[in-house]
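Down below is the structure, laid out as structure tokens.
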Amino acid sequence: MTMRSEARSAFPEDFLWGVAIAANQAEGAWQEGGKGPSQADVMRFDPDLDQRSIATTESRDDVARALADVSGVYPKRDGIGFYETYRDDLELLGQMGITAFRTSIAWSRLYPRGDESEPNPTALKFYDDLFATVRQHGMRPVVTLTHYEMPLHLVTELGGWRNREVMDHFLRFAQTAVARWSPLVDVWMVFNQLNTGLLDPFLALGILDVPDAEMPAVKMQALHHQFVANAAVVAMVHRANPDALAGSMVLDMTAYAASTRPADVLAQVHEEQVTLFPSDVLVRGAYPPAAARYLREHGNSLDVREGDLELIAEHPVDYLAISYYVTRVVGEGPTSLDRTGWSINGDLPNPHLASSPWGWQIDPLGLRTALNKYADRYPGVPILIAENGLGAEDVLTSAGEVHDSYRIDYHREHIRAVREAIDDGCTVMGYLAWSGIDVVSASSNQRSKRYGFVYVDLDDVGAGSERRIRKDSFDWFKKVVTSRGRALD
Ligand code: BGP
89 MTMRSEARSA FPEDFLWGVA IAANQAEGAW QEGGKGPSQA DVMRFDPDLD QRSIATTESR
149 DDVARALADV SGVYPKRDGI GFYETYRDDL ELLGQMGITA FRTSIAWSRL YPRGDESEPN
209 PTALKFYDDL FATVRQHGMR PVVTLTHYEM PLHLVTELGG WRNREVMDHF LRFAQTAVAR
269 WSPLVDVWMV FNQLNTGLLD PFLALGILDV PDAEMPAVKM QALHHQFVAN AAVVAMVHRA
329 NPDALAGSMV LDMTAYAAST RPADVLAQVH EEQVTLFPSD VLVRGAYPPA AARYLREHGN
389 SLDVREGDLE LIAEHPVDYL AISYYVTRVV GEGPTSLDRT GWSINGDLPN PHLASSPWGW
449 QIDPLGLRTA LNKYADRYPG VPILIAENGL GAEDVLTSAG EVHDSYRIDY HREHIRAVRE
509 AIDDGCTVMG YLAWSGIDVV SASSNQRSKR YGFVYVDLDD VGAGSERRIR KDSFDWFKKV
569 VTSRGRALD
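Using the working numbering, the first residue of the sequence shown is number 89, and each one after it goes up by one.
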């Protein structure tokens with residue numbers, strides 16, 4: 089009989105234990121080394137921010153105002169200074185014994201406007217050294233090709249991903265990256281949270297100035313271009329290295345029905361068909377029937393070129409990455425495709441769950457539910473948990489310590505849920521904590537929404553010593569990782 093207290097591990101030996109960040113939330117140096125501006129660089133910190141809302145940009149005027157603004161604070165322009173500090177930061181993170189480090193390549197560092205024919209040599213050298221340093225500290229680089237950071241020129245002048253030309257520019261960027269870094273990188277992630285194009289057209293698709301009524305069709309067209317691009321990059325990765333893994337990521341949007349009313353239950357099913365349709369296309373290589381019905385009923389204006397569907401069918405992903413933060417509650421009403429805006433927990437609060445100060449509801453069991461859902465929907469396809477973590481207001485004590493037991497509890501419960509899901513029969517290839525080291529928040533542009541095991545002494549307006557301090561969670565995560573999950577109990 090196995091005693092509960094006996095340490096056990098369901099985690100495979102080659103399980104990826106690691107942390108994840110994104111270039112635009114960490115590197116800063118937004119104009120160094122020839123880098124061009126991206127969406128991230130026009131996201132302003134709002135001191136009167138409603139923490140429960142998700143900041144976005146809607147028009148070219150908003151972008152122009154941000155670029156001309158000399159008094160506002162734009163935290164992603166400076167990030168945590170990772171462009172300068174990456175060597176020390178990676179050494180510190182490597183001390184946790186982690187086996188994987190996920191970051192993205194800032195597209196507008198390599199191609200400042202996006203439409204150049206040759207890449208920026210300074211950026212090539214930067215990422216040569218970054219990925220080599222990751223390896224040097226015993227970690228496998230997991231590289232996202234684009235994480236809400238496309239060159240702004242492609243947004244304002246070309247209209248973002250709704251324009252097929254942007255796909256061609258993206259493929260040139262991807263080809264440069266895959267050709268150059270395949271010797272160092274063998275886990276590629278084409279898109280961050282591809283399904284968030286449904287929720288945030290500016291960040292995920294580079295789309296501005298579209299009236300609400302036209303938005304669903306525009307979002308579908310832009311997503312189609314991303315599906316085609318995804319398939320082309322999967323093929324590219326395999327040509328460069330047949331053993332490399334090529335995947336993309338979606339935001340897990342597991343939804344519970346608002347009630348047992350049959351109409352709410354059906355609404356929940358329809359919502360999940362919408363939020364999962366991007367991963368259906370990535371994994372199965374075909375549009376699901378629910379998307380076909382949507383297109384039929386909305387005048388099917390989708391421009392699908394010859395060869396698109398064949399390419400998508402021939403190059404499904406090797407693995408599906410997910411980010412997991414919250415579960416949602418949805419009731420009768422329009423799905424995420426027809427709505428505008430992004431409500432993190434869905435229509436209603438879930439009375440059974442506690443919330444972070446940002447209103448993100450904490451649901452470890454939901455992760456087990458989600459993993460089982462993917463296992464049933466995409467049998468045998470490995471799932472990489474590419475992000476999971478708790479945004480919290482950490483306190484640096486006068487003794488220079490950060491006691492973040494709440495973060496330890498959060499990760500412990502979620503990793504236990506992963507272990508149970510593996511025991512349920514789910515194929516999980518890794519767990520990457522967001523964000524290892526504190527970075528700027530994607531949605532709120534705050535530095536005070538902290539996710540790291542390492543504290544960065546910088547505040548929302550960029551004041552502070554920039555010192556890196558290990559939080560209590562640093563040693564805890566190290567124990568979990570080095571014991572391959574056995575130290576959880
Ligand atoms: C995901 C993004 C990350 C990220 C994380 C936490 O949506 O891929 O970039 O930061 O969520 O979100 P936030 O920073 O908004 O709290």
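Beta carbons are placed, not taken as given, at the ideal position from N, Cα and C, and that holds for glycine.
*May I ask you to report which of helix, strand or coil DSSP gives I168?*
If DSSP states are grouped into helix, strand and coil, I168 belongs with coil.
*Taking the alpha-carbon positions, what's the M517 to V107 distance?*
14 Å
_I need the straight-line Cα distance from H257 to E508, nearest angstrom please._
42 Å
*Between which two residues does the beta strand (DSSP E) containing P404 stretch?*
Where P404 is concerned, there is no enclosing beta strand (DSSP E), given that its DSSP letter is neither H nor E.
_Distance cut-off 7 Å: H235 Cβ against heavy atoms of the ligand BGP_ = yes
_Heavy atom of the ligand BGP within 7 Å of E579 beta-carbon_ = Because residue 579 is not part of the residues shown, which for the chain are 89 to 577, the question remains open.
*Where does P445 land, buried or exposed, given buried means 16+ other C-beta within 10 angstroms?*
Counting Cβ neighbours within 10 Å, P445 comes out exposed, since fewer than 16 surround it.
*Have a look at A575 and G488 and give me their C-alpha separation to the nearest angstrom.*
27 Å
*Which class does M91 belong to by DSSP, given the choice of helix, strand or coil?*
Reliability fails at M91, whose pLDDT of 48 lies under 50, so the model's placement of it is uncertain and the value that follows must be treated cautiously. Collapsing the DSSP output to three states places M91 in coil.
*asked:* Is H312 close to chain B? Criterion is C-beta to C-beta, closer than 8 Å.
replied: The structure shown has no chain B; it contains just one protein chain.
*Hey, would you say E245 sits closer than 8 Å to W195, going by beta carbons?*
no
_L178, DSSP secondary structure in three states_ = In the structure shown, L178 sits in a helix (DSSP, three-state: H, G or I).
*If you drop the 5 nearest sequence neighbours on each side, which residues of the same chain put their C-beta closer than 8 Å to that of S93?*
Caution applies to S93, whose pLDDT of 47 falls short of 50 and renders its modelled position unreliable; the model cannot decide the point.
*Taking L453 and A380 to be in contact with their CB atoms under 8 Å, please state how far apart those CB atoms are, rounded to whole angstroms.*
The Cβ separation is near 33 Å, so there is no contact.
*asked:* Do Y539 and S523 have their beta-carbon atoms positioned less than 8 Å apart in this structure?
replied: Cβ distance < 8 Å, so S523 and Y539 count as in contact.
*Should S443 be counted as a contact of the ligand BGP given a C-beta to heavy atom distance under 7 Å?*
no
*Could you tell me how far apart the beta carbons of H403 and A530 are, in whole angstroms, since I believe they sit closer than 8 Å?*
Taking 8 Å as the upper bound for CB-CB distance, H403 and A530 are not in contact here, some 28 Å apart.
*Tell me whether L478 is buried or exposed, calling it buried when 16 or more other Cβ atoms sit within 10 Å of its Cβ.*
buried
_Start and end residues, beta strand (DSSP E) containing E475_ = 471 to 475
_Delimiting residues of the beta strand (DSSP E) encompassing Y519_ = Following the DSSP letters along the chain, one finds Y519 inside the beta strand (DSSP E) bounded by residues 516 to 522.
*Alpha carbon to alpha carbon, how far is G248 from L383?*
21 Å
*Taking only runs that begin and end inside the region 269 to 310, name each unbroken beta strand (DSSP E) of 3 or more residues, in chain order.*
275 to 279
_Please tell me whether, using a cut-off of 7 Å, the distance from the CB of S424 to the nearest non-hydrogen atom of the ligand BGP is below it._
no
_On the DSSP bridge list, what partners appear for I410?_
V338, I473
*Look at R500 and S97 and say whether their C-beta atoms are less than 8 Å apart.*
no
*Just to confirm, are H312 and V254 a CB contact at a threshold of 8 Å?*
Cβ distance not < 8 Å, so H312 and V254 don't count as in contact.
*Does the Cβ-Cβ distance between M337 and F290 come in under 8 Å?*
no
*Please find out if some non-hydrogen atom of the ligand BGP comes closer than 7 Å to the beta-carbon of S411.*
Within 7 Å of the C-beta of S411 there is at least one heavy atom belonging to the ligand BGP.
_Coarse secondary structure for A346, derived from DSSP in three states_ = Secondary structure of A346 (DSSP, three-state): coil.
_Check: S536 C-beta below 7 Å from any heavy atom of the ligand BGP_ = Result no, Cβ not under 7 Å from the ligand BGP.
*asked:* Determine whether the beta carbon atoms of G285 and L242 lie at a separation below 8 Å.
replied: No. Outside cutoff.
*asked:* Judging by CA-CA distance, which residue of M308, M227, V527, V418 is the nearest neighbour of W105?
replied: M227
*Taking 7 Å as the cut-off, does the CB of S270 come closer than this to any heavy atom belonging to the ligand BGP?*
no
*Of the residues G185, E420, T173, the one placed nearest V353, counting alpha carbons only*: E420
*Considering W195, what are the terminal residues of the alpha helix (DSSP H) in which it resides?*
195 to 198
_Touching by the beta-carbon criterion (3+ pairs, under 8 Å), the region 447 to 466 and the region 403 to 414_ = yes
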